[in-house]
Every structure is written in C-alpha cells, then in structure tokens.
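K.L.:
Read in order, the letters of the sequence shown are residues 2 to 325 in the UniProt record's numbering.
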Amino acid sequence: SHKVIFDTDPGVDDAMALYFALAHPEIDVVGITTTFGNVTVQQATTNAIYLSRITGREIPVAGGGAMPLMKAAGTPPGFIHGDDGLGNLPQRVNVAGTAEALSAAEYIVDMARKHPGEITIVAVGPFVNLGLALKLEPELPKLIKQVILMAGTVNEPGNVSPVAEANVWNDPHAADLVFTAGWNLVMVGLDVTHRVVMPFTYFAQLAEQHQQHLAMTTLRHAANFYCDFYLRERPDLGHACFGHDILAFVYLVAPELFATQDGRIRVQLEGMGNGQTMMDKHGGLHYAQAGWEKHRPETRVCLQVDADKCLSLIKQTLESDWLR
Ligand code: BDR
Ligand code: CA
Numbered sequence: 002s003h004k005v006i007f008d009t010d011p012g013v014d015d016a017m018a019l020y021f022a023l024a025h026p027e028i029d030v031v032g033i034t035t036t037f038g039n040v041t042v043q044q045a046t047t048n049a050i051y052l053s054r055i056t057g058r059e060i061p062v063a064g065g066g067a068m069p070l071m072k073a074a075g076t077p078p079g080f081i082h083g084d085d086g087l088g089n090l091p092q093r094v095n096v097a098g099t100a101e102a103l104s105a106a107e108y109i110v111d112m113a114r115k116h117p118g119e120i121t122i123v124a125v126g127p128f129v130n131l132g133l134a135l136k137l138e139p140e141l142p143k144l145i146k147q148v149i150l151m152a153g154t155v156n157e158p159g160n161v162s163p164v165a166e167a168n169v170w171n172d173p174h175a176a177d178l179v180f181t182a183g184w185n186l187v188m189v190g191l192d193v194t195h196r197v198v199m200p201f202t203y204f205a206q207l208a209e210q211h212q213q214h215l216a217m218t219t220l221r222h223a224a225n226f227y228c229d230f231y232l233r234e235r236p237d238l239g240h241a242c243f244g245h246d247i248l249a250f251v252y253l254v255a256p257e258l259f260a261t262q263d264g265r266i267r268v269q270l271e272g273m274g275n276g277q278t279m280m281d282k283h284g285g286l287h288y289a290q291a292g293w294e295k296h297r298p299e300t301r302v303c304l305q306v307d308a309d310k311c312l313s314l315i316k317q318t319l320e321s322d323w324l325r
C-alpha cells in the first residue's frame, strides 16, 4: 500500500479527499500536515484532528505554515468553505488529540529520512510546507517516492483569476520551488478537476448508507454548504461541486484514468498573471534565453480524465465499510 503524508487546508473538498484516502484499502495515511488556505492554519489543524478522530483514527497531525513564503498574507474566503472550513458546523463533539511537536515541514523531513524512498506526499493546499521542507532538506526530492499536487491549470481557466488556480495563487513562490525541485512530481489541476462533478445528493446518500455516522453527517453538512457556493458560482452544474482534492488520491491509486503529458512547469510570480502555471510542452529553441533552462525538471501533468470511472471509484470507495 502507499504510505502517504497528506498536506492539506481542510476545507470541504480536502475533507472529501481525506475520507477517500482513509476508505481506500491501498492508501495508508501515516500523517497529516496542515497549511493556511481555505482557513487559517490553526483552523486547518483543528479540522484535520477533528475529521480523522470522528472516523475512529488517530493519525498524527503536524501544524504548518501560517502564511505564504514571500507574498503578503491574505484572508481565507469564508463564503466557499465556511468560516470554520467545514460549512459552519452547528456543533462539534469533543475529540481528544493535539498537534505534533514538530512543525509540518520538520515532520515531512523527519519521515522522509526515516523511510527513504517510501513516502508519497499528496498536497492539496498552498505549498508552503513543501517549500519550507525543501529549504530544511535540499535532498528531500531524493528521499520521497512521489509527490502528487492538486494545483494549477494549463488549458482550463483559473478559479481565482483567469489564469490562476487557488493553491498556486495562494503561495506562488512555494509552488515554483516545488515545481523546480526535481522530484517525481504529478500535477492534478483544474484541467481534470473541472471535469469531475459530484452532486450533493451523493453525500446525502452516503450518510444514509453509513447509518448517519457522525463522520458522514459532518461531510454531508460541509458538502451542502460547498455545493451552495457552486450553485451561485456555476449554476450550470446544479447543486454539485468539483472533485478537486479527491482527484489527487484517485490519481495515486488509478493513474490509468488520466491522460498526462510531461513538461516543465513554472509559476508566474508577479502582476496580473501571478499564480499562473505555465507549461513548456515542446522546448522551443529560444526558450533557454527567456529563462527556461533545458535542465529544469519535468512535471507529469494531468490533461484529461475519465470522469465516469473516477466517480464510480469514488462512490465504491466511500460506500465501503471503512468507518470505525
Ligand atoms: C483548491 O483550492 C481550495 O479551495 C480547494 O480545497 C482545492 O485544494 C482548488 O483550486
Ligand atoms: Ca485544498
């Protein structure tokens, strides 16, 4: 099975992704690291502990970066995921559990050194923790098996600007470090996440199938709020949401559902286009003189997806008997 560190800013679709990972028999979530993004990092840590505890798991959670590496800190957009990141839950049960003593970046480096070549990182928030971990341990890319990012876009319009996807836009400098670090790197971006649409009714059904288990009624509440946002943003979808973060885990277990292309990805760091992921697909003769040095590492970029098969895999996985 895949030993995974899940780097996340929960966040409703982050919660969906975590539950997919916990439910899937081939995924072993060894640790969760949190970042600012959909909420503050403190709230993200609280949510990561809460979401994992109510499924009956005790997964280590390490709190991470509170703000971007270089860009000024912003305010989380409460209207998308709720002020609490989970659609403003009316109440929470008490759960035990505190964050690790190590910071997220230290935790990632520590685990990578203890298990060289064994850890996969699935990162679905702004990439500040990976940026900081690379600064702590420049050899990190050699110690990590694979990194899968929910990030960016190539052909699809952005979701925070015409060209930028939120996780990259939130910390473009960290994202650019990650794209040029030289690990075995996969980008699961809006080109594919905008093809996989999950209706709210699906989460209502899941709660029923799992006899109103707290984890599933919590997810239903969060999904309802998130789908309300999309109903305003994209009325053409109906009461539904994009798959986003869950697709990074779908790629991990079923890469054959994606069509990919390898190329160099760089991030636009300034101006109106900041946060744009630019892909060099063919290496033009003049590109080197514009800063696109030939030796830059490539990213495996997901460009197309079999949405129906993704949805059945997600359904089958979340319907299975995984809750404790
Ligand atoms: C990404 O941004 C966040 O709002 C979501 O959780 C997802 O990781 C989509 O652009
Ligand atoms: Ca996220």
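For every residue, glycine included, the Cβ atom is placed at its ideal position computed from N, Cα and C.
Only a predicted model underlies this, so the values are computations on that prediction, with no experimental measurement involved.
So is His195 buried or exposed if we call it buried at 16+ other beta carbons inside 10 Å?
P.N.:
Buried, because 16 or more other Cβ atoms sit within 10 Å of the Cβ of His195.
K.L.:
Would you be able to state if there are at least three C-beta pairs under 8 Å between the segment 11-23 and the segment 234-254?
P.N.:
These segments touch.
K.L.:
Please determine whether the Cβ atom of Val125 lies at a distance below 7 Å from any heavy atom of ligand 1.
P.N.:
Result yes, Cβ under 7 Å from ligand 1.
K.L.:
Considering Cα atoms alone, identify which of Pro69, Lys143, Asp309 is closest to Ala167.
P.N.:
That would be Pro69, whose Cα lies nearest to the Cα of Ala167.
K.L.:
Given 7 Å as the limit, tell me if Gly12 has its C-beta closer than that to any heavy atom belonging to ligand 2.
P.N.:
Yes - ligand 2 has a heavy atom lying nearer than 7 Å to the Cβ of Gly12.
K.L.:
Using DSSP with H/G/I as helix, E/B as strand and the rest coil, what is Val155?
P.N.:
Note: Val155 maps to coil in three-state DSSP.
K.L.:
Is Thr35 closer than 8 Å to Asp14 when the C-beta atoms are compared?
P.N.:
Not a contact, by the Cβ cut-off of 8 Å.
K.L.:
Should Gly86 be listed as close to ligand 1, given that the test is whether its C-beta is under 7 Å from any heavy atom?
P.N.:
For ligand 1, not one heavy atom lies less than 7 Å from the Cβ of Gly86.
K.L.:
How about the segment 205-215 and the segment 164-180: do they share at least three Cβ pairs that are nearer than 8 Å?
P.N.:
With a cut-off of 8 Å, the segment 164-180 and the segment 205-215 do not count as touching, because too few Cβ pairs lie within range.
K.L.:
With DSSP run on the structure shown, which of helix, strand or coil describes His25?
P.N.:
Looking at His25 - three-state DSSP - the assignment turns out to be coil, as it is neither helix nor strand.
K.L.:
Please state the DSSP three-state secondary structure of Lys146.
P.N.:
DSSP places Lys146 in strand when its eight states are reduced to three.
K.L.:
Going by beta carbon distance, what residues of the same chain come within less than 7 Å of Asn160, once the five residues before and after it are set aside?
P.N.:
Counting only Cβ-Cβ distances below 7 Å, and skipping sequence neighbours, we find Glu166, Ala167, Leu191.
K.L.:
Which of helix, strand or coil does DSSP assign to Arg297?
P.N.:
In the structure shown, Arg297 sits in coil (DSSP, three-state: anything other than H, G, I, E or B).
K.L.:
Which full runs of the beta strand (DSSP E) of 3+ residues lie inside the segment 279-324, going along the chain?
P.N.:
The segment 279-324 contains these whole beta strand (DSSP E) runs: 300-306.
K.L.:
Given a cut-off of 8 Å on the beta-carbon distance, is the pair Ile122 and Val94 in contact?
P.N.:
Not in contact: Ile122 and Val94 (Cβ atoms no closer than 8 Å).
K.L.:
Whole angstroms are fine: how far does the CA of Gln210 sit from the CA of Ala241?
P.N.:
Using only the alpha carbons, I get a separation of about 19 Å.
K.L.:
Contact between the segment 95-108 and the segment 129-139 is defined here as three or more beta-carbon pairs at a separation below 8 Å; is this criterion met?
P.N.:
Short answer: they touch.
K.L.:
What first and last residue would you give for the beta strand (DSSP E) that runs through Val42?
P.N.:
From DSSP, Val42 is part of no beta strand (DSSP E) but of the alpha helix (DSSP H) over 42-54.
K.L.:
Between the Cα of Gly98 and the Cα atoms of Asn48, Leu304, Gly132, Ile145, which residue gives the shortest distance?
P.N.:
Comparing Cα positions, the closest option is Asn48.
K.L.:
Does any heavy atom of ligand 2 sit closer than 7 Å to the C-beta of Asp246?
P.N.:
Yes, Cβ of Asp246 sits closer than 7 Å to a heavy atom of ligand 2.
K.L.:
Comparing the CB of Asn156 with every heavy atom of ligand 1, is any distance shorter than 7 Å?
P.N.:
No, the Cβ of Asn156 stays beyond 7 Å of every heavy atom of ligand 1.
K.L.:
DSSP has Asp8 in a bridge; who is on the other side?
P.N.:
Beta-bridge pairing links Asp8 to Thr34, Ala124.
K.L.:
Going by the DSSP bridge assignment, what does residue 330 pair with across the sheet?
P.N.:
The chain is shown from 2 up to 325; residue 330 falls before or after that span and cannot be answered.
K.L.:
Just the C-alpha distance for Ala205 and Asn89, rounded to the nearest angstrom, thanks.
P.N.:
Distance between the alpha carbons of Ala205 and Asn89: 17 Å.
K.L.:
Helix or strand or just coil, what does DSSP make of Thr76?
P.N.:
Three-state result, Thr76: coil.
K.L.:
What's the gap between the Cα of Arg267 and the Cα of Gln92?
P.N.:
Each residue's alpha carbon lies about 42 Å from the other.
K.L.:
If I measure Cβ to Cβ from Thr41 and keep anything under 8 Å in the same chain, skipping five residues before and after, which residues do I get?
P.N.:
Once the five neighbours on either side are set aside, the close Cβ partners of Thr41 are Ala67, Pro77.
K.L.:
Assuming Met188 contacts Gly244 under a Cβ cut-off of 8 Å, what Cβ separation, rounded to an integer in Å, is found between them?
P.N.:
15 Å between Cβ atoms; not a contact.
K.L.:
Would you decide whether Val96 is buried or exposed? Buried here means 16 or more other CB atoms lie within 10 Å of its CB.
P.N.:
Label assigned to Val96: exposed.
K.L.:
Measuring CB atoms only, is the segment 297-304 touching the segment 254-267, in the sense that at least three cross pairs come out at less than 8 Å?
P.N.:
Contact between the segment 297-304 and the segment 254-267 is present, because at least three Cβ pairs lie under 8 Å.
K.L.:
Just list the residues that DSSP pairs Arg233 with in beta bridges.
P.N.:
None; Arg233 has no bridge partner.
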